[in-house]
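So the protein lines, in turn, are chains A and B.
Just so you know, we're using this note's numbering here: the first sequence kicks off at 1 and counts up by one.
Just so you know, we're using this note's numbering here: the second sequence kicks off at 1001 and counts up by one.
Glycine included, each C-beta is placed from N, C-alpha and C at the ideal position.
Given the structure is predicted, the values throughout are model-derived calculations rather than measurements.
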Amino acid sequence: SAVISQKPSRDICQRGTSLTIQCQVDSQVTMMFWYRQQPGQSLTLIATANQGSEATYESGFVIDKFPISRPNLTFSTLTVSNMSPEDSSIYLCSGGVGYEQYFGPGTRLTVT
Amino acid sequence: EDQVTQSPEALRLQEGESSSLNCSYTVSGLRGLFWYRQDPGKGPEFLFTLYSAGEEKEKERLKATLTKKESFLHITAPKPEDSATYLCAVQASRDYKLSFGAGTTVTVRA
């Protein structure tokens, strides 16, 4: 298994600004992923964070809006850029151990 | 496109009243089916992975089973602390991504 932490746990931001969310895993993992969970809904995959190369984005998500870094096998960041109220959501990262994925506690973002 | 459908959306149980949650799926080449538990304000907690039809796994009062088209999560003699949203996800053999269902919210009354 893996223990995953995220910072910040929550934030309130003004529209037009950007927020960077950090994800730290307690052990090296091959795969890291970023998800969004809107209120009362399930998880939607934003992108796969690839170590040493550009992230792979899902349909409907673009790098300019959600730039991702993954400098090593235990750390990744997701930036939510030029935020609007529609970006208010919970953002979750996960780390893959074998085929299994373990999730962080999430970052609750509110955009005003 | 992979699809995961969970039913019912919500389930209210009396303590000790056993029940089952359903997860039906469509995926091109299933590698694994995953069950998670999510408490309000928290990230999903890994419960089980099932890899092949006929496989069963148990953890305390929870038992997960898998067929070629669906999975069941059986809750035996539930307690109030079993109250949570239970999420089902599938992983196709072509990659490591998870596709999630909408979840079943279980409430167990004492």
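Taken atom to atom, the span from the alpha-carbon of B:Leu-1033 to that of A:Ala-2 is near 19 Å. Proximity of A:Ser-53 to chain B, defined by a Cβ-Cβ separation below 8 Å, is not satisfied. Not flagged as an interface residue toward chain A: B:Pro-1040, since no C-beta distance is shorter than 8 Å. Around A:Pro-67, the same chain offers Thr-79 as residues with beta carbons nearer than 6 Å, after the five sequence neighbours per side are excluded. Nearest CB-CB separation between A:Thr-110 and chain B: not below the 8 Å threshold.
Chain-ordered, the chain A residues with CB closer than 8 Å to the CB of B:Thr-1049 read Tyr-99, Glu-100.
In this structure, B:Leu-1047 places its C-beta atom within 8 Å of the C-beta atom of B:Lys-1059. By the rule that beta-carbons nearer than 8 Å mark a contact, B:Gln-1003 does not touch chain A. C-alpha of B:Gly-1016 to C-alpha of B:Ala-1084: approximately 16 Å in a straight line. Per DSSP, B:Pro-1080 is not a residue of any beta strand (DSSP E), being assigned neither H nor E.
Interface with chain A (8 Å Cβ-Cβ cutoff): B:Leu-1087 is included. Taking a C-beta cut-off of 7 Å against chain A, none of the residues of the stretch 1055-1079 of chain B qualify. Under the 8 Å Cβ criterion, the stretch 54-74 of chain A does not count as touching the stretch 98-111 of chain A, having fewer than three qualifying pairs. Residue contact check for A:Phe-103 against chain B: a CB pair falls below 8 Å.
Residue nearest to B:Glu-1081 within the set B:Ser-1052, B:Pro-1040, B:Ala-1089 is B:Pro-1040 (criterion: CA-CA distance).
Per DSSP, the beta-bridge partners of B:Leu-1050 are B:Leu-1033.
When DSSP states are grouped into helix, strand and coil, A:Asp-87 belongs to the helix group.
Using beta-carbon distances, A:Gly-106 counts as an interface residue toward chain B, with a partner under 8 Å.
Taking all protein chains in view, the Cβ of A:Ala-47 is crowded by 16 or more other Cβ atoms within 10 Å, so the residue is classified as buried. DSSP, reduced to helix, strand and coil, places A:Arg-15 outside both helices and strands of the structure shown, so it counts as coil. In the DSSP annotation of this structure, A:Asn-82 is not part of any beta strand (DSSP E), being labelled neither H nor E.
Counted as a single uninterrupted DSSP element, the beta strand (DSSP E) harbouring A:Phe-33 occupies residues 31-37.
DSSP, read as helix, strand or coil, puts A:Gly-98 in coil.
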